[in-house]
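*Asks:* Numbering (this note's numbering), first residue to last: 1344 to 1966. Built from N, CA and C at the ideal position, the CB exists for glycine as well. In this text, all values refer to a predicted model and were calculated from it rather than measured experimentally. Encoded as C-alpha cells, here's the structure I'll be asking about.
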Amino acid sequence: MKKTLFISLLFPFLNMYGQQAGEDYVKQVKFAPGTTLEQKVEMASRLRPADRQLEWQKLELTAFLHFGINTFTDREWGDGKESPRLFNPTGLDAEQWVRALKEGGFKLVILTAKHHDGFCLWPTRTTAHSVASSPWKGGKGDVVRELKDACDKLGMKFGVYLSPWDRNAACYGDSPAYNRFFMEQLTELLTNYGTVHEVWFDGACGEGPNGKKQVYDWDAYHRLIRRLQPQAVVAIQGDDVRWVGNERGYGRETEWSATVLTPDAYGRAARQNRELGIAPKSADLGSRELLARAGELFWYPSEVDVSIRPGWFYHAQEDAQVKSLSKLVEIYLESVGRNSVLLLNVPPDRRGRLADADVARLKELGDYLRRAFADNRVKDVPYWKAAAGESKVYDLDAETTVNTLMVQEDIARGQRVEAFRLEAWTDGGWKEVAAATTVGYKRLLRIPDVRTSRLRLTVLQSRGQALISAVGAYRLPSLDEAGERPEPGGIPTAGWRVTGLPAGAAQAVDGDVQTVWRAQGLQALTVDMGQTHRVRGFVYVPVSDGDQSGTVFRYSFYTSTDGQTWTPRVERAEFSNIKNNPIPQTVSFGRTVEARYFRLVPLEEIDGLSCTSAAEVGMLEGE
Ligand code: FUL
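Listed below in C-alpha cells is the structure:
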C-alpha cells in the first residue's frame, strides 16, 4: 500500500496499473473503476498485439494435420483404450505433407502430437501409449521429428497440438499428478525439436457428469511455454489466439481482435464472461456496449479452424467430400478476409500421406489465391491517418472491372475502425459498393462487378484516429459454384413411417435436411422402412444452423426385422465432437444386416438437456 503511494507520488503520470498516459498497452488493458466509456474507447485504441501475436497474424494461412490412432480406427475421438499396435502407417512421408501445404500457400503447420485418446506421436518418456509401442519402424519412429525435419528443410513454421483431455492417462483426474505428467510432455515437445511457433490446447472434454474431473494448471503450462519457447503463440486455452467460435470456416462480420472476452484459461474468465453475458461463440465480443460494462480488454485475435473434409481425421468414406475450390475460396474470404487467421486441417491417411484429392485441392487453392491477389489495381497506397468522417480517394491504374475490395489497418498500433464505406466512381458519380464494420489486420469484401477508375474510402466511425495501411481492388476469377451436398443416407425414405411419436417426427426421415424434428425429452426415434433392406449403418444429421438444442451426443442404435425383437447394433456410443462440428455422423455396423425397422435411442444431449432434435436420420445401403 505504502509502496504504491510512493510510486504514484514519484511517477504521477503512471495510472494505477503502471501504464503511462498516452503510451500503448500491449496485449491487455485494465480499466480502473469509474473509467468512462469515452476514456475506455481512447484506451482501447492504444491496445496493441504482442510481437508474437503480430507475427502470427501476418501468416494468414496455417494448417492442421490431424493424425493418430483415430486414423486407423476410423473415429473422430478415440476412447484411449486402443492398442498402440494399431498405429502402423505404411509409407509415412512428412515432406509430402509440407510440400503440399506450401503449394497451398500455408506458412505454419500444427500436428496433433496427442489427441484426446492420449496416444503420443513421439516416443515420450511419460507413457508407453505412444509410437514406441507401435509396429511402425519397429517402435523407433517419431512423427514429430519427421515433420519438424521436413518443416526445417522446406521452410515451414511448426506448431504442436497437445490435448489436455487425455482418455488414456491413468493419472488423468488426479489433478496435481496429471498436471506434472502433462508438463513433462510439453517440456519434451518444447525442448527436443527446435523452434515451435504455436501451441494448441483444445477446450474439449466429453467426460460427462460422472467423468473424471481434472483441474488444469493453465498458469503453470503458460509459464513453461513462455520460458521454453517465448515466440510461440498459445491458442484456444491460451491467451494469444482465440477460437473463432465455430468449426465451419468463417469469422464474424464484426471481428474485434481487441475483445472483452476473457481467455478461458484465466481463473477469472468464468465470472467476468458471465457478468458480460458472453462466451467464445457470442456474436458480439467487442462493441462499445460491452466496453462500457467491461473491466478489461484483451488483444485476443481470432483463429478459424476448419477441416478440408467433414471430419478432422482421415476417413476413406469422405474421399468424395473434399471441399470444393469455391468453398475454400469462400472460407479464405470469410476468415483471412475477416480479421482472422485460417487454420485449415488436411488429415494424412493410413499410409501417412495426404490423399491425392486433398493435395490437388491445396495446389488449386494456392494457384487461385496467388493469381487472384497478384494484381492490385490500386497502385499508390500511402499510409493514411484518418479521423472519423474523413474520406480518401484512391486512383486505379486504369478504368477496370473489379469484384473484391481490401482494406488493412496497421494493427501494430491497434484496431480502431468501427465502420467504413467504399464507393466507386461510375457513370460520373460516386456509388456505394460496400459498407462494413471492423477492418483489423485485413478486410476483404466481395462486391458485384463494377467498372471504375477510382475508389473512395470513408472511415465512418473509429476509436481515435484510424491507421489505414493498405487498400486493394481485385478481379477474382470466377469459380465453378458446385457446392457440397450433405448426404443423408442412401436408402430412399419414401414410404418410411415413424411409430409412436407425433406427426412432426416424420421430418427426421423425409429425406430433407432442411426440415427439422424437435421433441421434448430424450425421445427414441423408431422407424418402419416399409420393407426389409440390407443395411450397413446409419447417418444422423444434426441441426447445424441456429438452435442446436436436442443434438444427440450419446446414443444406442437398434434394428429389427419384425418390430418386436430388437438387435443392438451400436451401444452407448458417442457422436464425437458433434457439439463443435455439427456435421452428418456416419456410423457403420461393421457388416451388412437385414432390417425393416430401426431405432435411434438418445442417451445424452450435447449440453445435458432433456430434448431431442434431428435434421435427418438415414440408413446406409449394405452390400
Ligand atoms: C475439437 C476436438 O475435439 C476435435 O477433435 C478437433 O481436434 C478440433 C480441432 O478441436 O474441439
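Between which two residues does the alpha helix (DSSP H) harbouring G1709 extend?
*Replies:* Counting along the chain, the alpha helix (DSSP H) containing G1709 begins and ends at 1699-1715.
*Asks:* Is P1550 near the ligand FUL, with its Cβ less than 8 Å from a heavy atom?
*Replies:* Sequence inspection shows Glu at residue 1550; the Pro mentioned does not correspond to that position. No.
*Asks:* Which residue from S1506, E1917, C1463 puts its Cα closest to that of R1488?
*Replies:* Nearest C-alpha to R1488: C1463.
*Asks:* Is N1688 near the ligand FUL, judged by its Cβ being under 8 Å from some heavy atom?
*Replies:* Yes; taking the cut-off as 8 Å, the Cβ of N1688 has a heavy atom of the ligand FUL nearer than that.
*Asks:* Terminal residues of the continuous alpha helix (DSSP H) containing I1412?
*Replies:* It spans 1412-1416 - the alpha helix (DSSP H) in which I1412 sits, taken as one unbroken run.
*Asks:* Taking 6 Å as the limit between beta carbons, can you name the residues of its chain near A1813, skipping five residues before and five after?
*Replies:* Excluding residues within five positions, the ones whose Cβ falls inside 6 Å are V1724, Q1751.
*Asks:* Using a Cβ-based criterion (distance less than 8 Å to any ligand heavy atom), does E1419 qualify as near the ligand FUL?
*Replies:* Yes, Cβ of E1419 sits closer than 8 Å to a heavy atom of the ligand FUL.
*Asks:* Under 8 Å: do the region 1698-1710 and the region 1441-1453 share three or more Cβ pairs, one atom per stretch?
*Replies:* The answer is yes - the region 1441-1453 touches the region 1698-1710, with three or more Cβ pairs under 8 Å.
*Asks:* Would you report the Cα separation of K1624 and G1588, rounded to the nearest angstrom?
*Replies:* Straight-line Cα distance between these residues: approximately 4 Å.
*Asks:* Return the first residue and the last residue of the beta strand (DSSP E) that F1544 is part of.
*Replies:* First-last of the beta strand (DSSP E) with F1544: 1541-1544.
*Asks:* Which residue wins for smallest C-alpha separation from S1645, given the options A1755, W1586, T1602?
*Replies:* Nearest of A1755, W1586, T1602 to S1645, Cα basis: W1586.
*Asks:* Quick check on N1286: does DSSP put it in helix, strand or coil?
*Replies:* There is simply no residue 1286 to check, as the chain begins at 1344 and stops at 1966 in what is shown.
*Asks:* In terms of residue numbering, what span does the beta strand (DSSP E) encompassing A1406 cover?
*Replies:* First-last of the beta strand (DSSP E) with A1406: 1404-1408.
*Asks:* Cα separation between V1441 and A1493?
*Replies:* Taking the straight line from one Cα to the other gives about 7 Å.
*Asks:* Taking its Cβ as the centre, do 16 or more other Cβ atoms sit within 10 Å of A1825, making it buried, or is it exposed?
*Replies:* Low per-residue confidence applies at A1825: pLDDT is 42, beneath 50, and the placement is therefore not dependable enough to give any value.
*Asks:* R1972 to F1881, Cα distance in whole Å?
*Replies:* The structure shown does not extend to residue 1972, since the chain is modelled only from 1344 through 1966, so no value can be given for it.
*Asks:* Measure from the alpha carbon of T1842 to the alpha carbon of each residue in Y1609, R1794, T1869, then state which is nearest.
*Replies:* Among Y1609, R1794, T1869, the Cα nearest to that of T1842 belongs to T1869.
*Asks:* Hey, which unbroken runs of the alpha helix (DSSP H) at 4 residues or more fall wholly within the region 1481-1568?
*Replies:* Correct list: 1486-1497, 1518-1534.
*Asks:* Report all residues from its chain with a CB closer than 8 Å to the CB of G1873; omit the five preceding and five following residues, and keep chain order.
*Replies:* Contacts found: G1838, W1839, R1840, R1939.
*Asks:* What number of angstroms, rounded off, separates the C-alpha of K1424 from the C-alpha of I1412?
*Replies:* Going from the Cα of K1424 to the Cα of I1412 covers about 10 Å.
*Asks:* Below 9 Å between beta carbons: does that hold for T1530 and L1490?
*Replies:* No, they are not a contact pair.
*Asks:* Would you grab the beta carbon distance between G1610 and K1556 for me? Rounded to a whole angstrom, and I think it's under 8 Å.
*Replies:* G1610 to K1556, Cβ: 16 Å. No contact.
*Asks:* State the start and end residues of the unbroken alpha helix (DSSP H) segment that holds I1811.
*Replies:* No alpha helix (DSSP H) holds I1811; the beta strand (DSSP E) holding it covers 1809-1817.
*Asks:* Can you name, in chain order, every residue of its own chain whose Cβ lies under 6 Å from the Cβ of T1935, other than the five neighbours on each side?
*Replies:* Excluding residues within five positions, the ones whose Cβ falls inside 6 Å are R1877, R1879, G1965, E1966.
*Asks:* For K1373, list the residues DSSP reports as bridge partners.
*Replies:* K1373 is bridged to E1639.
*Asks:* Cα separation between E1661 and R1652?
*Replies:* Roughly 7 Å between the two C-alpha positions.
*Asks:* Is K1666 helix, strand or coil when you go by DSSP?
*Replies:* Residue state, collapsed to three classes: coil.
*Asks:* Ends of the beta strand (DSSP E) at W1440?
*Replies:* First-last for W1440: 1437-1446, but that is the alpha helix (DSSP H), not the beta strand (DSSP E).
*Asks:* Just to confirm, does T1405 get its C-beta within under 8 Å of one of the non-hydrogen atoms of the ligand FUL?
*Replies:* T1405: no, Cβ never under 8 Å from the ligand FUL.
*Asks:* To the nearest angstrom, how far is it from the Cα of R1786 to the Cα of Y1643?
*Replies:* Roughly 17 Å separates the two Cα atoms.
*Asks:* Could you check if N1511 belongs to the surroundings of the ligand FUL, using beta carbon to heavy atom distance under 8 Å?
*Replies:* It does not: the Cβ of N1511 is nowhere closer than 8 Å to a heavy atom of the ligand FUL.
*Asks:* Between S1547 and the ligand FUL, is the CB less than 8 Å from at least one heavy atom?
*Replies:* Sequence inspection shows Ala at residue 1547; the Ser mentioned does not correspond to that position. Answer for A1547: yes, Cβ within range of the ligand FUL.
*Asks:* Sorted by chain position, which residues of the same chain lie with C-beta nearer than 6 Å to Y1784's C-beta, five sequence neighbours on each side aside?
*Replies:* Contacts found: Q1400, N1682, I1754.
*Asks:* Residue range of the alpha helix (DSSP H) that E1385 falls in?
*Replies:* 1380-1387 is the extent of the alpha helix (DSSP H) around E1385.
*Asks:* Please confirm whether any heavy atom of the ligand FUL lies closer than 8 Å to the CB of S1645.
*Replies:* It does not: the Cβ of S1645 is nowhere closer than 8 Å to a heavy atom of the ligand FUL.
*Asks:* Grab the span of the alpha helix (DSSP H) containing E1618 for me, first residue to last.
*Replies:* That run of the alpha helix (DSSP H) goes 1612-1619.
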